[in-house]
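Undergrad: Sharing a structure, written as structure tokens. Questions coming.
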Amino acid sequence: MFILEINQSAKKDLKNIDKSDQVFILDSLEEFVQNFSSNYEKSLMHSGKIKKLQGQKEILYRLKLRSYRVVYKKYDDKLVILVLHVTTRENAYK
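Heads up: the sequence shown runs through residues 106 to 199, numbered per this note's numbering.
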């Protein structure tokens with residue numbers, strides 16, 4: 106089972122989002138982490154909800170949650186999913 110960690114900048118991002126969306130995002134992330142497996146990840150990649158980001162030094166992924174984008178990183182050895190950034194779709198690609 107993976108552990109969810111949210112870094113300081115992502116916490117700051119979440120504070121700038123209205124409360125109902127914060128609850129939705131956090132609940133969705135908890136569900137994502139609880140269900141996480143390689144098969145679950147593959148099915149979400151196939152459906153387009155997860156995408157491996159290109160052009161980064163480290164391996165990062167983008168998770169779509171309604172109009173929000175969550176950038177995260179996996180640590181296989183620690184079984185941790187670290188959320189790095191939460192933003193709207195409009196601001197995600199600037």
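Ideal Cβ placement from N, Cα and C applies to all residues, glycine included.
Could you give the first and the last residue of the continuous alpha helix (DSSP H) run that contains K147?
TA: By one-based count along the sequence shown, residue 147 stands at place 42. Per DSSP, K147 belongs to the alpha helix (DSSP H) from 143 to 152.
Undergrad: Could you check the C-alpha separation between F129 and L170 for me, to the nearest Å?
TA: Translated into positions along the sequence shown, residue 129 becomes position 24. Translated into positions along the sequence shown, residue 170 becomes position 65. If you take the alpha carbons of F129 and L170, they lie about 9 Å apart.
Undergrad: Contact defined as beta carbons within less than 8 Å: I believe Y177 pairs with I186. What is the distance between those atoms, to the nearest angstrom?
TA: For the purposes of this step, residue 177 is taken as the residue at position 72 of the sequence shown. For the purposes of this step, residue 186 is taken as the residue at position 81 of the sequence shown. Right, their Cβ atoms sit about 5 Å apart.
Undergrad: Looking at the secondary structure, which residues open and close the beta strand (DSSP E) in which L170 lies?
TA: Against the sequence shown, residue 170 aligns to sequence position 65. It spans 166 to 170 - the beta strand (DSSP E) in which L170 sits, taken as one unbroken run.
Undergrad: Can you name the residues that DSSP bridges to V176?
TA: Taking the sequence shown and counting its residues from 1, the one referred to as residue 176 is at position 71. DSSP, once it has assigned bridges, lists R167, H190 as partnering V176.
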